[in-house]
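Input: a single structure, listed below in structure tokens.
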Amino acid sequence: SLQMIADHLGVTKAAVYYQFHAKEDIVLAVIESAVEDLAAFVATAEEQALADPTAPDSATLVALHGLVDLMINHRQVVAALMRDPEVERIMAAHEDLNSLIDRLVALLLGPEPDLPRRVAVSVVGAGIAQAGIDPRLTDVDDDTLRRHLLELGPTMLAATSSGSDRSHGSGPIGTTPTDSIR
148 SLQMIADHLG VTKAAVYYQF HAKEDIVLAV IESAVEDLAA FVATAEEQAL ADPTAPDSAT
208 LVALHGLVDL MINHRQVVAA LMRDPEVERI MAAHEDLNSL IDRLVALLLG PEPDLPRRVA
268 VSVVGAGIAQ AGIDPRLTDV DDDTLRRHLL ELGPTMLAAT SSGSDRSHGS GPIGTTPTDS
328 IR
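Shown next as structure tokens:
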């Protein structure tokens, strides 16, 4: 509630109303930095995809790194997004944000994703977000969590197809899962 926000900030409810006329304004202000980071790494990954269209997995890796960094750097925002249905409703109403998320998902899926790849991208995305807010992981420092997520994410995606040859266990990102994060 606005009163809870005011209490937390040590200001009056009127002061909060003065700055933010609706909950939507507060939500958009809170997520602004995270959205800017999201837009930046999605653009970088798309540039990578355009620079070398024969290696879509390099763009996938850039997107995956960006997603992990986004979660690590904005844990509280991610928690709010995952736990508050009102925040989800507000975000769903913003087409530019939805388009940005669709672009991220397309980068993670790669060209011609099969069903296992689509499932893997869903699991990896949800898992990265959940890892950032899981109370059982609060004792894990950011660098350690980042390292583990960047080992697990490519490994999960490597087991699936995004349209390139993945026969005989060859992974989509690097030669081995650990090579892919270097």
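Counting with the numbering used here, you get residues 148 to 329 for the letters of the sequence shown.
All C-beta atoms in this analysis are idealised placements derived from N, C-alpha and C, irrespective of residue type, glycine included.
Here the structure is a predicted model, which is why all the values come from computation and not from measurement.
In this structure aspartate 204 is buried. Its beta-carbon is surrounded by 16 or more other beta-carbon atoms within 10 angstroms.
Linking aspartate 154 to alanine 161 through their CA atoms gives a straight-line distance of about 11 angstroms. Around the beta carbon of glycine 213, 16 or more other beta carbons sit within 10 angstroms, so the residue counts as buried. With 16 or more other Cβ atoms from the protein chains shown falling within 10 Å of its own Cβ, glycine 257 counts as buried. Its chain contains Val234 as the residues whose beta carbon lies nearer than 6 angstroms to that of alanine 227, once the 5 sequence neighbours on both sides are disregarded; these appear in chain order. Across the set Asn245, Asp289 and Met303, the C-alpha of Met303 shows the shortest separation from the C-alpha of arginine 264. When Gln150, Leu217 and Gly300 are compared, the shortest CA-CA separation from alanine 267 is found for Gly300. With contacts defined as CB atoms closer than 9 angstroms, isoleucine 280 and valine 225 qualify as a contacting pair. Between isoleucine 219 and leucine 297 the beta-carbon gap is near 10 angstroms, outside 8 angstroms, which marks them as no contact.
Cα atoms of aspartate 184 and arginine 294: separation of roughly 19 angstroms, rounded to the nearest angstrom. Under the three-state reduction of DSSP output, valine 189 falls in the helix class. The three-state reading of DSSP puts histidine 295 in helix, counting H, G and I together. Judged by DSSP in its simplified three-state form, glutamate 235 adopts helix. If you ignore the 5 residues before and after glutamate 171, its C-beta comes within less than 7 angstroms of the C-beta of Ile237, all in its own chain and listed in chain order. When DSSP states are grouped into helix, strand and coil, proline 203 belongs to the helix group.
Of the candidates Leu255, Val174 and Val270, Val174 places its Cα closest to the Cα of histidine 241.
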